[in-house]
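Chemist: Residue numbers (my numbering): 15 to 562.
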């Protein structure tokens with residue numbers, strides 16, 4: 015290959031991966047100090063264009079003590095994002111600040127997995143004393159480098175970077191308000207909308223001595239009830255923000271010295287502070303879990319520590335609405351929510367599932383990995399032996415070569431293998447965490463029957479999914495959800511199972527709240543969970559219609 019051909023190939027690869035490394039090239043924002051309205055052009059938009067539904071992970075880190083720090087903040091954030099990769103595999107990004115210049119951030123973001131986006135060269139450019147990161151998954155129509163986060167804008171007071179997990183249920187009304195202020199929007203991203211909203215100073219807030227960012231954040235939170243967890247970076251500080259319903263998770267961790275013990279770290283001096291969608295990556299970066307960001311809380315992280323700067327209350331008649339499907343599926347098992355480990359809750363879901371839907375069987379197993387914890391709970395409560403029956407091929411990704419017609423008819427042949435010695439002649443209970451469209455469990459059952467299973471009973475460790483989510487989770491439309499077409503008995507016949515049963519909504523809530531009820535000392539914080547995808551009861555009502 016000639017030198018010119020090699021150069022063309024390199025350029026093509028760079029365009030394909032759309033990796034953006036920038037210091038001063040950030041998205042422009044308009045600082046608006048008046049409410050002068052401007053007429054905006056009506057744009058026809060559909061849900062596919064807006065890319066509203068997605069599941070993401072956010073992460074932030076700041077070093078304590080003297081700056082420049084000896085801690086490699088860029089690597090800390092990168093490792094934090096690796097631990098959150100299950101929350102989004104489409105795009106990722108990191109923005110860092112050296113803390114001494116409000117004009118420039120170091121930014122690297124693009125399409126792809128974290129392991130392919132960040133290499134030694136890109137990490138060297140992400141120097142800084144603080145930074146935020148984001149990993150993203152979106153629906154079709156929301157894909158593209160223009161929607162990669164963190165979203166960085168210039169304001170009259172310097173650069174601002176923002177990363178967002180969730181979905182604004184009043185996206186359209188807020189968008190119209192921002193456009194009416196004369197602010198242009200270049201994407202359909204909620205994150206750009208939030209960033210531009212923060213660039214607008216509230217009319218009732220005096221800013222003679224500079225911008226009052228907590229007041230601006232509070233103003234935005236009053237306009238947007240849910241759903242979001244945010245990390246917002248300015249020149250030398252980070253704000254961690256959670257909506258008043260606590261719908262999306264966010265927690266704080268403390269980076270401790272390498273030689274610190276694994277006991278109580280409250281008396282150990284901090285090397286830095288982190289904030290994350292989940293706590294699962296804290297130990298891998300030398301951090302200890304401290305607490306959750308409370309619903310409606312605005313937390314400021316600086317080189318001297320963290321503090322609560324404001325709490326926005328939700329209406330008295332509204333309950334907290336933490337997404338219950340974080341426990342069922344989305345979160346990693348070693349994360350901590352509401353003072354309890356996700357794995358423990360999934361184990362309890364399995365126990366409750368046996369009480370509600372027992373069956374005579376020889377072994378209990380799971381669809382790896384998502385149903386494993388619940389399967390262990392089912393086995394322990396029933397006294398039936400747990401055994402693995404499926405072997406997963408961990409190296410099948412989205413780029414897997416399309417199989418031939420014959421292999422396509424075999425369905426899951428490329429994803430699973432059956433452990434025939436554990437299956438042959440056995441009556442087995444197979445536990446999965448959920449059924450969405452119902453197009454994968456059938457081929458799995460066929461695979462097990464082909465391996466000699468005498469009976470296959472399906473147990474689902476969550477209630478039937480019947481409603482879409484408007485608050486940041488990629489759940490299909492009602493028409494696509496199999497539970498709206500077939501009841502449990504019909505679905506069992508459809509997929510070839512001997513029986514099929516779901517965990518009840520009451521059983522799921524009971525499993526999630528078991529620890530809090532067991533405490534019974536009145537000291538446990540009040541909890542409440544969003545079950546909208548299961549019951550159709552949306553905590554903030556239905557979202558705005560897409561009318562513009």
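All residues carry an ideal CB built from backbone N, CA and C; glycine is no exception.
Please look up how many angstroms separate the CB atoms of residue 120 and residue 93, rounded, as I've assumed it's under 8 Å.
Modeler: Translated into positions along the chain shown, residue 120 becomes position 106. Translated into positions along the chain shown, residue 93 becomes position 79. The pair is not a contact, with the Cβ atoms about 17 Å apart (cut-off 8 Å).
Chemist: Using three-state DSSP, classify residue 147 as helix, strand or coil.
Modeler: The count along the chain shown starts at 1 and reaches residue 147 at position 133. It is a strand residue.
Chemist: Specify whether the stretch 83-101 and the stretch 307-316 touch according to this definition: at least 3 beta carbon pairs, one from each stretch, less than 8 Å apart.
Modeler: no
Chemist: DSSP three-state call for residue 549: helix, strand or coil?
Modeler: Indexing the chain shown from 1 puts residue 549 at position 535. Looking at residue 549 - three-state DSSP - the assignment turns out to be helix.
Chemist: If residue 351 sits next to residue 343, beta carbons under 8 Å apart, how far is it from one beta carbon to the other, in whole angstroms?
Modeler: Position 337 of the chain shown, counted from the start, is the residue given in the question as residue 351. Position 329 of the chain shown, counted from the start, is the residue given in the question as residue 343. Rounded, the Cβ-Cβ distance is 13 Å, inconsistent with contact.
Chemist: Can you say whether residue 78 is buried or exposed, counting buried as having 16 or more other CB atoms within 10 angstroms of its CB?
Modeler: On the chain shown, position 64 is the one that residue 78 refers to. Counting Cβ neighbours within 10 Å, residue 78 comes out buried, since at least 16 surround it.
Chemist: For residue 481, name the three-state secondary structure that DSSP assigns.
Modeler: The residue labelled residue 481 in the question sits at position 467 within the chain shown. Residue 481 falls in the coil class under three-state DSSP.
Chemist: Secondary structure at residue 84, three-state DSSP: helix, strand or coil?
Modeler: Position 70 of the chain shown, counting from 1, holds the residue named residue 84. If DSSP states are grouped into helix, strand and coil, residue 84 belongs with coil.
Chemist: Answer yes or no: do residue 253 and residue 334 have a C-beta to C-beta separation smaller than 8 Å?
Modeler: Along the chain shown, one-based indexing puts residue 253 at 239. Along the chain shown, one-based indexing puts residue 334 at 320. For residue 253 and residue 334, no; Cβs fall outside 8 Å.
Chemist: With DSSP collapsed to three states, give me the class of residue 357.
Modeler: Taking the first residue of the chain shown as position 1, residue 357 is located at position 343. If DSSP states are grouped into helix, strand and coil, residue 357 belongs with the helices.
Chemist: So, residue 189 versus residue 214, is the Cβ gap smaller than 8 Å?
Modeler: Locating residue 189 in the chain shown gives position 175, where the first residue counts as 1. Locating residue 214 in the chain shown gives position 200, where the first residue counts as 1. Going by C-beta atoms, residue 189 is not nearer than 8 Å to residue 214.
Chemist: Candidates 496, 268, 483, 270: which alpha carbon is nearest residue 455's?
Modeler: One-based indexing of the chain shown puts residue 455 at position 441. Of 496, 268, 483, 270, the residue nearest in Cα terms is 496.
Chemist: Please classify residue 293: does DSSP put it in a helix, a strand, or coil?
Modeler: Here residue 293 refers to the residue found at position 279 of the chain shown. Residue state, collapsed to three classes: coil.
Chemist: Using the C-alpha atoms, what's the distance from residue 248 back to residue 447?
Modeler: Reading the chain shown from its first residue, position 433 is the one you call residue 447. Reading the chain shown from its first residue, position 234 is the one you call residue 248. Taking the straight line from one Cα to the other gives about 40 Å.
Chemist: Ends of the alpha helix (DSSP H) at residue 392?
Modeler: Reading the chain shown from its first residue, position 378 is the one you call residue 392. From DSSP, the alpha helix (DSSP H) with residue 392 extends over 386-396.
Chemist: Less than 8 Å between the CB atoms is what I'm expecting for residue 71 and residue 291, so what's the real figure, rounded?
Modeler: Locating residue 71 in the chain shown gives position 57, where the first residue counts as 1. Locating residue 291 in the chain shown gives position 277, where the first residue counts as 1. About 4 Å; that satisfies the 8 Å criterion.
Chemist: Classify residue 507 as buried or exposed, calling it buried when 16 or more other Cβ atoms lie within 10 Å of its own Cβ.
Modeler: As a position in the chain shown, residue 507 is number 493, starting the count at 1. Classification for residue 507: exposed.
Chemist: So the candidates are 375, 327, 499; which of them puts its Cα closest to the Cα of residue 479?
Modeler: On the chain shown, residue 479 is found 465 positions in, with the first residue counted as 1. When only C-alpha atoms are compared, the closest one is 499.
Chemist: From residue 158 to residue 101, what distance separates their C-alpha atoms?
Modeler: Counted from its first residue, the chain shown places residue 158 at position 144. Counted from its first residue, the chain shown places residue 101 at position 87. In a straight line, the C-alpha of residue 158 is about 17 Å away from that of residue 101.
Chemist: According to DSSP, simplified to helix, strand and coil, what is residue 172?
Modeler: What you label residue 172 is simply residue 158 of the chain shown in a count that begins at 1. Reduced to three states, the DSSP call for residue 172 is strand.
Chemist: Anyone know if the C-beta pair for residue 444 and residue 518 falls short of 8 Å?
Modeler: The count along the chain shown starts at 1 and reaches residue 444 at position 430. The count along the chain shown starts at 1 and reaches residue 518 at position 504. Cβ atoms of residue 444 and residue 518: not closer than 8 Å.
Chemist: Helix, strand or coil: which one does DSSP assign to residue 78?
Modeler: The count along the chain shown starts at 1 and reaches residue 78 at position 64. In the structure shown, residue 78 sits in coil (DSSP, three-state: anything other than H, G, I, E or B).
Chemist: Which value, in whole angstroms, describes the spacing of the CA atoms of residue 288 and residue 403?
Modeler: By one-based count along the chain shown, residue 288 stands at place 274. By one-based count along the chain shown, residue 403 stands at place 389. About 40 Å.
Chemist: Ends of the beta strand (DSSP E) at residue 122?
Modeler: Position 108 of the chain shown, counted from the start, is the residue given in the question as residue 122. Segment 120-125, the beta strand (DSSP E) holding residue 122.
Chemist: Using the DSSP secondary-structure output, state which residues sit across from residue 71 in a beta bridge.
Modeler: If you number the chain shown from 1, residue 71 lands on position 57. Paired residues: 149.
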